[in-house]
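Counting in numbering that gives the first Met the number 0, the sequence shown runs from 0 upward without gaps. Ideal Cβ placement from N, Cα and C applies to all residues, glycine included. None of these values were measured; they are calculated from a predicted model.
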Amino acid sequence: MAEVDATIVAIANQKGGVGKSTTAINLGAGLALQGDKVLIVDLDPQGNTSSGLGIDRSTIELSTYEVLIDEVQIDDAIEPTSVGDLHVVPATIELAGAEIELVSMFSREMRLAAALKPITDEYDFVLIDCPPSLGLLTVNGLAAANEVAIPIQCEYYALEGVSQLMRNVQLVKQSLNPQLEVEGVILTMFDGRTTLSADVVEQVREHFGETTYKTVIPRTVRLSEAPSYGEPIEAYDPMSRGAIAYRELAREFRRRHGRT
Ligand code: ADP
Ligand code: MG
0 MAEVDATIVA IANQKGGVGK STTAINLGAG LALQGDKVLI VDLDPQGNTS
50 SGLGIDRSTI ELSTYEVLID EVQIDDAIEP TSVGDLHVVP ATIELAGAEI
100 ELVSMFSREM RLAAALKPIT DEYDFVLIDC PPSLGLLTVN GLAAANEVAI
150 PIQCEYYALE GVSQLMRNVQ LVKQSLNPQL EVEGVILTMF DGRTTLSADV
200 VEQVREHFGE TTYKTVIPRT VRLSEAPSYG EPIEAYDPMS RGAIAYRELA
250 REFRRRHGRT
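Below, the structure is given as structure tokens:
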């Protein structure tokens, strides 16, 4: 059991396909394998993180939906994964409805924050995998978090929408969660063969400075294959470039958080 409350990190970018779920799974697994107790909360109705961690959707009884809407104890929705110290609260497509159901609910922005309270002392890190939108689910993720980590794909229009995300972070900080900070920007799907990828890296480092992680995640087929086997890259192919990169990202993340 962790001695202090978990650091809660929302992994957010309202753009889809930038590597949020891949980062939640593989940073989460990396941290757990390096000695931390980690909980991933899947806040995306697509449930990619849940299936990528080997959770069979048809067997899920309690999920993020019941935690947010029915006030089910989060403890009852936590599932183990193939990595010992890594747990997950899975999501199902039902969660798509929560975006609308939450609108008329009491304390609609703070429901995830309230749900996490009783268990934060049991984990070192809680990673919240946000959906690709800036709706109430993402607001719940930001309101529950201490920090935001933003994956940015090394592709055309990489920074598109990021200023909108930053505005939302500021709004949540002002009105709901004064401690919220952007902790890190993670460059994903870097393709060493293109000058475009290198240009994006430069552009992002210029814009975000030291907030940008030094570790850059390469685009590799192995990383895209691993989820269909329900395994983090560390289990699927620990010698691959993707595994090495996420291991290094976890090291850098732990150093930033004063863990050695
Ligand atoms: P998001 O959660 O932001 O929508 P995902 O993590 O699901 O993004 O990634 C989108 C797609 O790209 C998925 O099919 C995933 O397997 C693939 N992918 C993610 N990161 C990489 C990478 N570094 N190299 C190759 N494919 C990747
Ligand atoms: Mg995702």
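When the options are compared against residue i, the one with the closest alpha-carbon
i	options	result
residue 97	39, 51 and 43	43
residue 185	166, 206 and 114	206
residue 136	197, 67, 255 and 61	67
residue 140	128, 257, 202 and 228	128
residue 218	254, 151 and 208	151
residue 155	196, 31 and 162	196
residue 225	74, 99 and 25	25
residue 13	83, 241, 216 and 159	159
residue 130	236, 250, 92 and 223	92
residue 227	46, 201 and 187	46
residue 210	169, 146, 236 and 243	146
residue 101	121, 115 and 69	69
residue 265	16, 175 and 82	The question about residue 265 has no answer here: the residues shown for the chain are numbered 0 through 259.
residue 75	132, 115 and 144	115
residue 112	212, 176, 232 and 143	143
residue 157	177, 236 and 201	201
residue 168	193, 138 and 194	138
residue 56	229, 122, 162 and 173	229
residue 27	133, 250 and 16	250
residue 161	177, 189 and 132	132
residue 41	86, 3, 17 and 16	86
Residue j beta carbon less than 7 Å from that of residue i
i	j	result
residue 214	residue 247	yes
residue 90	residue 49	yes
residue 22	residue 10	yes
residue 199	residue 153	yes
residue 245	residue 51	no
residue 71	residue 78	no
residue 118	residue 73	yes
residue 59	residue 126	no
residue 292	residue 8	Nothing can be reported for residue 292, as the shown portion of the chain is limited to 0 through 259.
residue 222	residue 191	no
residue 19	residue 84	no
residue 171	residue 164	no
residue 94	residue 63	yes
residue 175	residue 108	yes
residue 232	residue 187	no
Element boundaries [alpha helix (DSSP H), containing residue i]
i	result
residue 87	Residue 87 -> not in any alpha helix (DSSP H); beta strand (DSSP E) instead, spanning 85-88.
residue 94	94-100
residue 141	135-143
residue 19	19-32
residue 248	240-255
residue 48	47-51
residue 82	Looking at the DSSP string, residue 82 is not in any alpha helix (DSSP H), and its letter there is neither H nor E.
residue 77	Residue 77 -> no alpha helix (DSSP H), and no H or E assigned at all.
residue 113	110-115
First through last residue of the beta strand (DSSP E) which encompasses residue i
i	result
residue 10	6-10
residue 125	124-128
residue 37	37-41
(message) List, from N- to C-terminal side, the beta strand (DSSP E) runs of 3 residues or more that fit wholly inside the region 147-195.
(response) Listed in chain order, the complete beta strand (DSSP E) runs (minimum 3 residues) inside the region 147-195 are 180-187.
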